[in-house]
Amino acid sequence: MGKPTFGLTGLAVMGQNLARNVARKGIPIAVHNRTVETTHRFVEEFGHEGVFVACDDLAALAAAVQAPRSIMMMVKAGAAVDGVIEGIRPYLSKGDLLIDGGNSFFEDTERRAKALAAEGILYIGTGVSGGEEGALNGPAIMPGGQREAYERVAPILTRISAQVDGEPCCTYIGEGGAGHYVKMVHNGIEYADMQLISEAYDLMKSALGLSNEEIGAAFTQWNEGDLDSYLIEITAQIFRTRDTLTDGWLVDAVLDRAGQKGTGKWTSDSALELGSPVTAITEAVFARYLSAMKDDRTRASAILPGPSGKWQGDKRTLVAAIRDALYASKVVAYAQGFDLLKMADARYGWNLKPAEIATLWRGGCIIRARFLNRIRDAYLETPDLQNLLMAPYFTDAVGRAQENWRLVVTQAVQAGTPIPAFASALAYYDGYRRQRLPANLIQAQRDLFGAHTYERVDRAGTYHSQWG
Ligand code: 6PG
């Protein structure tokens, strides 16, 4: 047997599972971890699944892989990636390829790619989505970097990725940081999706007083229709899980303080920078911040007055209304994510293909959902679609859902149930469909207090007036 052509460093859970995925496909792989024992324990435990070559340090890893080398880094985003690059660089030759499969910030990827390109080393920054299970059985892979670099590892990446209708959930995204950017936006949509599902849960629990079994049943049923998605599926699973410590429901034992590693915030940061109103995604980031203020909320809950959160009315009708509100808001979140991708593409010149991105996201990743087929169709039909909401299928679907969407938002506001993502998604929809917004008044105010000037609706040019 010759040397493996592929290597991987970073044997935490994602790295381990990805390495096993590669080996299980019959592709020999050299593996390395900073802690040597981890590498040996890993090979001992999973060696029967394929051909692994254990390497004790980065020099050994480089030596174990056939040149031109392809070596994947599955280490924590940030300084650890730079550390691995510095560590392995002396052992690499021109034409070798490094692949960063972590959730790196796209500007870091651009910087690293540029620095390595100067030495003739190729670089791919790729999003890998799907958690532990996806890494092992087929993740969604979003590779960005030099096209020739991608072509070299495409046979491996497309084989280990998830497949939907015979198509791999792995497509070349674009130059430089494009792959990590697309993964970042995937995560932004993931944040919005999770927040929306949590708001639906809160409405069913706090406003309607449903039991966990009833809530789980609603999610299970929703997962059979056009809301069919991984996140709804696992939500239903959560509501079937008992707590082994107390014998109650496990979800009730979980502290209501959401963590985050930064990709959602980066999405909002980038949207603010590019001028893309990703309101549902940003509300989802803020909702996590508010959740983290547990002590403040606990004090405030005893002081700030407001309604009880209880709804009156037929529960079945209201559950159906919440479903529609969730669907419509979810479409808005995806519409905002794709709008951000369009703006980023205009800025960075990646030549992103929305239909291919929608195709790729259909399987393996956290935001996989049945309606990504519809998104893909929409972009195949109109590649330069102005906004997802303008695709006839979604115009119609959201149009039909909106009566219930409005009902849910008004009921929640009156009952005092916080629904930041539902409400902001609806406000975006209503703002987007308004030919004239009250921004004329903002312009008038700016001109009055700061002579910032304004344009007129009836003639060209820039004006400044003496107001009042
Ligand atoms: C994925 C996920 C994953 C992400 C987690 C946690 O696509 O598999 O997006 O990459 O790390 O979802 O993210 P937060 O800690 O920010 O919630």
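Here numbering that gives the first Met the number 0 is used: position 408 in the sequence shown is 407, and no number is missing along the way.
Virtual Cβ for every residue (Gly too), placed ideally from N, Cα, C.
Note that the structure is a prediction, hence the values are computed from the model and not measured.
Comparing alpha-carbon positions, which option in SER464, ARG68, LEU10 and ARG361 lies nearest ASP227? Comparing Cα-Cα distances from ASP227 to each of SER464, ARG68, LEU10 and ARG361, the minimum goes to ARG361.
With three or more beta-carbon pairs closer than 8 Å as the criterion, would you say the stretch 118-131 touches the stretch 211-228? The stretch 118-131 vs the stretch 211-228: no contact.
C-alpha distance - ARG239 paired with LEU7, whole-angstrom precision: ARG239 and LEU7: Cα-Cα distance of roughly 37 Å.
Taking the alpha-carbon positions, what's the ALA319 to PHE45 distance? Rounded to whole angstroms, ALA319 to PHE45 spans 47 Å at the Cα level.
Hey, which unbroken runs of the alpha helix (DSSP H) at 4 residues or more fall wholly within the stretch 56-121? Listed in chain order, they are 57-63, 78-87 and 105-116.
Sequence-distant residues of the same chain with beta carbon closer than 6 Å to ASN211, five excluded per side: Contacts found: PHE238 and TRP248.
In the DSSP assignment, find the beta strand (DSSP E) that holds PRO142 and state where it starts and stops. It spans 139-144 - the beta strand (DSSP E) in which PRO142 sits, taken as one unbroken run.
C-beta atoms of PRO3 and GLN65 nearer than 8 Å: Remark: C-beta atoms of PRO3 and GLN65 approach each other more closely than 8 Å.
Closer than 8 Å is the cut-off here; do at least three beta carbon pairs connect the stretch 142-160 with the stretch 385-398? Because the criterion of three Cβ pairs below 8 Å is not met, the stretch 142-160 and the stretch 385-398 do not touch.
Between GLN410 and the ligand 6PG, is the CB less than 7 Å from at least one heavy atom? Flag unset: Cβ of GLN410 not near the ligand 6PG.
What residue range does the beta strand (DSSP E) around LEU7 cover? Residue range 5-8 is occupied by the beta strand (DSSP E) that includes LEU7.
Quick one: grab the DSSP three-state call for TRP265. TRP265: helix per DSSP, three-state reduction.
Would you mind listing the alpha helix (DSSP H) stretches within the stretch 121-209 that are 4+ residues and don't spill past its ends, in chain order? For the stretch 121-209, whole alpha helix (DSSP H) runs of length 4 or above, ordered along the chain, are 130-136, 146-159 and 177-201.
Please indicate yes or no: does the CB of GLU118 lie closer than 7 Å to some heavy atom of the ligand 6PG? Judged by the Cβ position, GLU118 fails to qualify as a neighbour of the ligand 6PG at the 7 Å threshold, every heavy atom of the ligand being at least this far.
Taking the alpha carbon of ALA334 as the point to measure from, which residue in THR266, ASN386 and ALA286 has its own alpha carbon closest? For the options THR266, ASN386 and ALA286, the alpha carbon positioned closest to that of ALA334 is the one of ASN386.
Euclidean distance between Cα positions of ALA411 and ILE196: Between ALA411 and ILE196, the C-alpha separation is close to 15 Å.
Per-residue DSSP class, three states only, for ALA320: ALA320 sits in a helix when the DSSP states are folded into three classes.
Report the rounded CA-to-CA distance for VAL277 versus HIS185, giving the unit in angstroms. Approximately 13 Å between the Cα atoms of the pair.
Presumed contact (8 Å Cβ cut-off) between LEU97 and MET73, rounded CB distance: Not a contact, Cβ separation roughly 12 Å.
Indicate, with yes or no, if the ligand 6PG has a heavy atom lying under 7 Å from the CB of LYS93. The answer is no for LYS93.
Relative to the C-alpha of THR262, which residue among ILE70, ALA191 and TYR392 is closest? When only C-alpha atoms are compared, the closest one is ALA191.
If you drop the 5 nearest sequence neighbours on each side, which residues of the same chain put their C-beta closer than 8 Å to that of THR394? Taken in chain order, the residues that qualify are LEU388.
Which term fits VAL331, buried or exposed, when burial requires 16 or more other beta carbons within 10 angstroms of its beta carbon? Within 10 angstroms of the beta-carbon of VAL331 lie 16 or more other beta-carbons, which makes it buried.
Please give the ranges of any alpha helix (DSSP H) in the stretch 307-372, keeping only runs that are unbroken, at least 4 residues long and fully inside the region. You should have 314-347 and 353-359.
Pair within 8 Å by beta-carbon distance, GLY101 and LYS75: Contact: yes.
Length of the line joining the Cα atoms of ASP201 and THR416: So the two alpha carbons sit approximately 8 Å from each other.
Between ALA377 and ALA368, is the Cβ-Cβ spacing less than 8 Å? Contact flag unset, no.
Return yes when the Cβ of ARG375 is within less than 8 Å of the Cβ of THR358, no when it is not. Cβ atoms of THR358 and ARG375: closer than 8 Å.
When you measure from the CB of GLU189 to every non-hydrogen atom of the ligand 6PG, does any distance come out below 7 Å? Taken from the Cβ of GLU189, at least one heavy atom of the ligand 6PG lies inside 7 Å.
Count the other C-beta atoms from every protein chain shown that fall within 10 angstroms of the C-beta of TRP265, then say buried if there are 16 or more, exposed otherwise. Buried, because 16 or more other Cβ atoms sit within 10 Å of the Cβ of TRP265.
Can you tell me the Cα-Cα spacing of MET53 and LEU91, whole angstroms? According to the sequence shown, residue 53 is Ala rather than Met. The alpha-carbon atoms of ALA53 and LEU91 are separated by roughly 18 Å.
For GLY119, which residues in the same chain have their Cβ closer than 7 Å to its Cβ, ignoring the five residues on either side in sequence? So the list reads LYS93 and GLY94, once near-sequence residues are dropped.
Using a 10 Å radius around the Cβ and a threshold of 16 neighbouring Cβ atoms, would you call VAL456 buried or exposed? Exposed, by the Cβ-count rule.
Return the Cβ separation of ILE280 and GLY187 in integer angstroms, given the expectation that the two are a contact with Cβ distance under 8 Å. The pair is a contact, with the Cβ atoms about 4 Å apart (cut-off 8 Å).
Is it true that the CB of LEU135 sits closer than 8 Å to the CB of ASN32? No, they are not a contact pair.
Nearer than 7 Å: is that true of the beta carbon of GLY261 relative to any heavy atom of the ligand 6PG? At least one heavy atom of the ligand 6PG falls within 7 Å of the beta-carbon of GLY261.
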